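The block underneath contains the structure these notes are about, expressed in structure tokens.
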Amino acid sequence: MQPFASSFALFQRERTLFITTLTPCYGAIKIKKYRDPVHSCTNTLMYPLAEGRRVMVDFKRFPSPDDLLILLTVARLGRFTAVAEALETTHTTISRRILALDKRLGGRTLERSPHGWELTELGNQAVRAAEIIETSLGALTSTLAHDADPLFGLVRISTPDGFGAAFVTPALVKLQQKHPKLNVEMLSATRKINQNRSGVDLEVVVGPIDSSRAQTIFLTNYFIRLYASPEYLATKGTPQTIDDIKDHNFVSYVESSLQVAELGHRSSQLPNPAAIFQSTSIFAQVEAVRRHSGIGLLPSFMVWGQPGFVPVLPDSFHRELPIWAAARAESLRSMAVKAAIEAIQQEVSERRNELAA
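For the sequence shown, position 247 (counting from the first letter as 1) is numbered 358 according to the numbering used here, and the numbering increases by one without interruption.
This is the structure we're talking about:
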């Protein structure tokens, strides 16, 4: 997504330039009449055709580039509320602009589904045009600023908090340092692929893939294992078999709010423990184990290289889970989203020893 306000004003001032950019097949453009396109009703252009004939083009017939770019953002995020937040406007304004675009194009660009807003065939065509406008605006803005950096705007990403802090955050910080005009919003969410439109450009998700309209990119596998502090084991004893877990306190996710069952105690085939400490935050779980609360079911990369965490039953129990990047096709065509995925992949590749710890 690009910062629209300044680009829109620039588009309105330099609209003839963008007609040249967006319709190169017509060749050079000759202006016959021209006044301010925002206020004039006599904006016309002369297009020289191959046969030497000329045709008049009235700007008023064109859909608003502002509305096309808003539609592009809806296509990527799927929810009007998320679009309003990203563009710093209101839900009502987004709805009004989409209705105006539908009226101009003569049909609906969006249809509501049980999972959020989806593009119609007309909407897909309009989004393709919006992507060309976005690219052209970005190129012109960079030219005027004497800046060749093509990445700017906002990328919204949801990710599990543990993997997000350990891998996604350093990857995106490095990316942002290379591209200072790129903004990042990262939301913590430990879940499988969301069947509903989630209001983000990119989801990082855990576990087996269910059917989804999103496209998925495999990032890595990681392991969850049992850990305890040396002090806890010295006091309570070290389990020798899986059945011994029933005599110990256990640290894990809150089962009732867990969206990825494979991360919880119930799906682990471990016996019911003597007592439990549960949290929706993996960081709280790690801290609880560190402070001798009990045996925790933790991602290995969260405690890799840290003193105070002793593997429990390392030869008897572990679980391997995949992590994926998921996004809609409209988002994957964004240069910023593609760059974010590549940055995460690079971070994972450079630190595979931690994930396999």
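C-beta: ideal position from N, C-alpha, C; glycine also. The model shown is predicted, which means the values in this text are computed figures rather than measured ones.
For Arg463, the CB contacts under 8 Å within the same chain, skipping 5 residues up- and downstream, are Thr331 in chain order. In the DSSP annotation of this structure, the continuous segment of the beta strand (DSSP E) that includes Gln389 starts and ends at 386-389. Within the same chain, Cβ atoms closer than 6 Å to the Cβ of Arg208 are found at Asp178, Ile181, the five residues on either side in sequence being excluded. Ile353 is a Cβ neighbour of Leu381, given a cutoff of 8 Å. Residue pairing by DSSP places Ser224 opposite Gly227 in a beta bridge.
For Tyr338, there is no enclosing alpha helix (DSSP H); the residue is found in the beta strand (DSSP E) stretching over 326-339. The C-beta distance from Gly405 to Gln396 rounds to 10 Å, too long to meet the 8 Å contact threshold. For Leu212, there is no enclosing beta strand (DSSP E); the enclosing alpha helix (DSSP H) covers residues 202-216. The straight-line gap separating the alpha-carbon atoms of Val284 and Gly416 is approximately 22 Å. By the Cβ neighbour-count rule, Ala386 is exposed, with fewer than 16 other Cβ atoms within 10 Å of its own. Between the region 344-358 and the region 440-448, the count of C-beta pairs closer than 8 Å stays below three; the two stretches do not touch. Taking the Cα positions, Ala186 is about 10 Å away from Thr220. Around the beta carbon of Val365, fewer than 16 other beta carbons lie within 10 angstroms, which makes this residue exposed. In the DSSP assignment, Val459 falls within the unbroken alpha helix (DSSP H) covering 446-461. Just so you know, the alpha carbons of Ala282 and Leu230 end up roughly 31 Å apart. The Cβ-Cβ distance between Val421 and Phe388 does not fall below 8 Å. The shortest CA-to-CA distance from Gly218 to any of Met413, Glu232, Asp321, Asp426 is the one to Glu232. For secondary structure counted as the alpha helix (DSSP H) over 4 or more consecutive residues, the region 378-436 holds these complete runs in sequence order: 393-401, 411-414. In this structure, the alpha-carbon of Ile268 lies about 6 Å from that of Glu296.
Val315 places its beta carbon less than 8 Å from that of Ile434. Approximately 18 Å separates the beta-carbon atoms of Ser392 and Tyr333; this is outside 8 Å, ruling out the contact. Annotation: Leu298 to Gly189 spans about 16 Å, alpha carbon to alpha carbon.
Residues Ile181, Val185, Phe191, Val194, Ala195, Leu198 of the same chain have their beta carbon placed closer than 8 Å to that of Ile205, with the five preceding and five following residues left out of the count.
Under DSSP, Ser363 forms a beta bridge with Gln389. Where Ser442 is concerned, there is no enclosing beta strand (DSSP E), although the alpha helix (DSSP H) around it starts and stops at 440-443. A Cβ-Cβ contact shorter than 8 Å links Leu212 with Ser175.
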